[in-house]
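Just below is one structure, and these are the notes that go with it.
In structure tokens, the structure reads:
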């Protein structure tokens with residue numbers, strides 16, 4: 001029996017939320033299940049990851065859940081951060097500092113309002129080669145303007161794109177809280193710009209899933225004056241989902257670059273190990289949910305057909 | 001004790017959903033409670049109001065609930081409608097025909113896809129002076145483009161604006177299903193265009209609340225792949241709400257034109273009777289909900305401060 005397959009070397013998710021407690025126990029295992037062996041881990045916990053010690057403790061917790069994934073740890077940019085702490089973090093293997101505009105996403109109440117106060121931090125980051133010449137990543141672009149801005153900039157500026165923003169437009173999340181995330185999906189022309197930049201194989205645009213699990217009751221219900229939680233959860237189906245989407249707009253040949261090569265090159269994490277193979281399928285349906293203990297999550301595309309599955313080794 | 005008051009002659013809501021059954025019993029009484037004595041009633045029931053007989057039956061039901069309001073009845077434009085039925089409807093006091101683009105709002109599955117098939121209907125409507133020279137109303141404009149389009153057209157084309165679209169922008173309904181309605185609220189510049197056209201006192205732009213009650217469980221919950229109900233409910237607080245909003249952008253002097261004079265003139269329903277007086281207040285809070293029997297509704301601005309209240313006669 002013949003089948004269509006495609007192989008990808010060491011898929012890497014350069015923006016993922018692995019949470020805390022029982023939810024973390026559930027979703028951290030989904031990184032590998034979704035085909036990924038590297039997770040660039042977001043620090044917006046409660047409280048946020050603000051120093052090296054907290055980052056290393058969190059990394060230990062994630063490794064205890066699934067030691068087969070490489071976790072790249074990050075710090076939350078806050079007034080407490082010092083140039084000395086940057087140097088300490090670099091020595092301990094921390095790879096980035098995340099800047100959260102205040103109040104725009106989950107646990108961003110401590111986000112920044114002005115960058116000027118952080119100039120000494122950025123200088124220290126550059127000095128320790130945390131990024132050679134301070135690399136900057138625009139996370140999850142959703143507009144044509146963002147794509148064009150990043151394209152116009154030099155080699156130290158890159159951009160992550162989520163899987164779900166390749167699929168959704170504003171009509172898909174209007175009243176449908178499960179598709180509601182921040183940044184919100186925009187208009188068809190914006191989605192087209194995201195698809196086009198992937199299709200052209202631009203090396204500074206790569207996957208960061210922004211996979212963001214929330215308890216189902218926080219996703220499904222809103223009360224007057226209170227929004228439901230923002231976030232779309234893609235981890236357990238991530239590689240098959242991205243393959244399905246890229247195939248839908250004729251960019252399947254760019255899969256490896258988008259989900260592995262481009263991001264790894266930008267962050268200096270190249271590898272030739274860890275091949276993952278996908279098989280084209282016609283009757284595969286995404287799970288309605290996953291549970292573990294008192295935690296459960298509902299994935300993007302729950303109950304929908306998906307065009308690819310990971311071949312078990 | 002002094003107080004600030006403002007009086008309006010015979011407020012008229014030129015676009016309101018009064019529903020059926022127990023929900024209708026509850027919300028029809030809110031027209032008068034909200035300060036209005038004329039309701040231009042939408043025909044998108046289940047099944048829709050498609051002929052004169054159904055319109056008159058529905059009117060009788062509404063009058064039984066509250067005989068103090070003048071109900072202007074409309075038909076749902078569908079392939080069943082004939083030029084003869086238009087003449088019959090006119091003779092029976094029906095005042096308009098509503099065209100629903102298919103599938104875009106509540107109970108619009110039978111909406112239209114192309115206007116050409118209806119040209120004979122429009123001709124008959126013009127002949128019977130249902131509108132002299134076929135007046136057309138763009139319902140609930142939400143964009144600057146819509147405002148500019150209507151302004152550019154002649155005296156037979158008017159436009160309704162809801163109260164809530166004077167308040168909301170996209171961020172207010174993102175994840176907040178209680179503020180989700182169709183058309184969705186757009187960007188700050190679009191809201192500014194709606195406010196500006198009211199502030200200039202343009203006579204072809206007037207209030208149509210689009211007040212659209214839904215059972216709370218249909219507003220608060222969405223499941224994957226299924227949107228919650230679209231609609232914002234403003235009837236029981238309508239006149240105080242509009243006064244509060246117009247005051248917020250310096251257009252309180254245009255209140256009477258916007259909520260009564262302009263729409264009544266366009267539809268040929270002028271009157272000098274029925275003055276309603278509002279009093280400025282500082283500690284008034286909008287009810288969290290209203291109930292009657294098994295029906296309940298949650299209003300826009302539930303639990304929020306509102307700046308005006310109707311003076312009881």
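Residue numbers (my numbering), protein chains in the order written: chain A, 1 to 313; chain B, 1 to 313. For every residue, glycine included, the Cβ atom is placed at its ideal position computed from N, Cα and C.
C-beta atoms of residue i and residue j nearer than 8 Å
i             : j             : result
residue 197/A : residue 128/A : no
residue 195/A : residue 251/A : yes
residue 232/B : residue 287/B : no
residue 280/B : residue 37/B  : no
residue 221/B : residue 220/A : yes
residue 248/B : residue 211/B : no
residue 207/A : residue 150/A : no
residue 107/A : residue 44/A  : yes
residue 227/A : residue 214/A : no
residue 315/A : residue 72/A  : Chain A is shown from 1 up to 313; residue 315/A falls before or after that span and cannot be answered.
residue 201/B : residue 154/B : no
residue 156/B : residue 138/B : no
residue 35/A  : residue 310/A : yes
residue 81/B  : residue 49/B  : no
Straight-line gap, residue i to residue j (C-alpha atoms, nearest Å)
i             : j             : result
residue 76/B  : residue 85/B  : 12 Å
residue 17/B  : residue 298/B : 15 Å
residue 64/B  : residue 25/B  : 9 Å
residue 284/B : residue 259/B : 21 Å
residue 70/B  : residue 302/A : 48 Å
residue 269/A : residue 245/A : 25 Å
residue 21/B  : residue 136/A : 59 Å
residue 271/B : residue 264/B : 8 Å
residue 79/A  : residue 184/A : 28 Å
residue 223/B : residue 176/A : 7 Å
residue 204/B : residue 313/B : 31 Å
residue 182/B : residue 209/B : 12 Å
residue 1/B   : residue 238/B : Legend: pLDDT at residue 1/B = 49, less than 50; position of this residue unreliable, value from coordinates given subsequently. Residue 1/B and residue 238/B: Cα-Cα distance of roughly 26 Å.
residue 105/B : residue 218/B : 14 Å
residue 314/A : residue 172/B : With chain A running from 1 to 313 in the structure shown, residue 314/A is simply not present.
residue 54/B  : residue 254/B : 37 Å
residue 59/B  : residue 225/B : 37 Å
residue 12/A  : residue 189/B : 40 Å
residue 83/B  : residue 165/B : 35 Å
residue 261/A : residue 240/A : 17 Å
Own chain, CB closer than 8 Å to residue i, minus 5 neighbours either side, in chain order
i             : result
residue 192/B : 144
residue 109/A : 102, 103
residue 275/A : 7, 8, 9, 10
residue 296/A : 26, 215, 216, 289, 290
residue 68/A  : 32, 37
residue 46/A  : 20, 107
residue 174/B : none
Closer than 7 Å: residue i CB and nearest the ligand FAD heavy atom
i             : result
residue 171/A : The ligand FAD is not among the ligands present in this structure, which contains no ligands whatsoever.
Sequence-distant residues of its chain with Cβ nearer than 6 Å to residue i (five each side left out)
i             : result
residue 130/A : 90
residue 30/B  : 235, 236
residue 74/B  : 43, 96, 98
residue 88/B  : 52
residue 28/B  : 18, 62, 65, 66
residue 277/A : 5, 7, 311
residue 100/B : 108, 111
Other residues of its chain near residue i: CB distance less than 7 Å, five sequence neighbours each side excluded
i             : result
residue 167/A : 245
residue 56/A  : 92
residue 273/B : 10
residue 294/A : 22
residue 187/A : 169, 170
Item to check | the segment 173-189 of chain B: positions lying closer than 7 Å to chain A by Cβ | outcome: 174, 175, 176, 177, 178, 180, 184
Next on the checklist: Taking contact to mean 3 or more Cβ pairs, one atom from each stretch, closer than 8 Å, check whether the segment 1-17 of chain B and the segment 303-310 of chain A are in contact.
Outcome noted: no
Checklist entry - Between the segment 284-309 of chain B and chain A, which residues of the former have CB atoms less than 8 Å from a CB of the latter, in chain order? => result Against chain A - using a Cβ distance shorter than 8 Å - the residues of the segment 284-309 of chain B are 288, 298, 302, 303, 304.
Item to check | Members of the segment 190-224 of chain B near chain A, C-beta cut-off 7 Å | outcome: 220, 221, 222, 223, 224
Item to check | Sufficient close CB pairs (3 or more, under 8 Å) joining the segment 154-172 of chain A to the segment 107-127 of chain A | outcome: The segment 154-172 of chain A, when compared against the segment 107-127 of chain A, does not touch it at the 8 Å Cβ threshold.
Next on the checklist: Taking beta-carbon pairs under 8 Å, can you tell me which members of the segment 226-253 of chain B lie near chain A?
Outcome noted: 226, 227, 228, 229, 230
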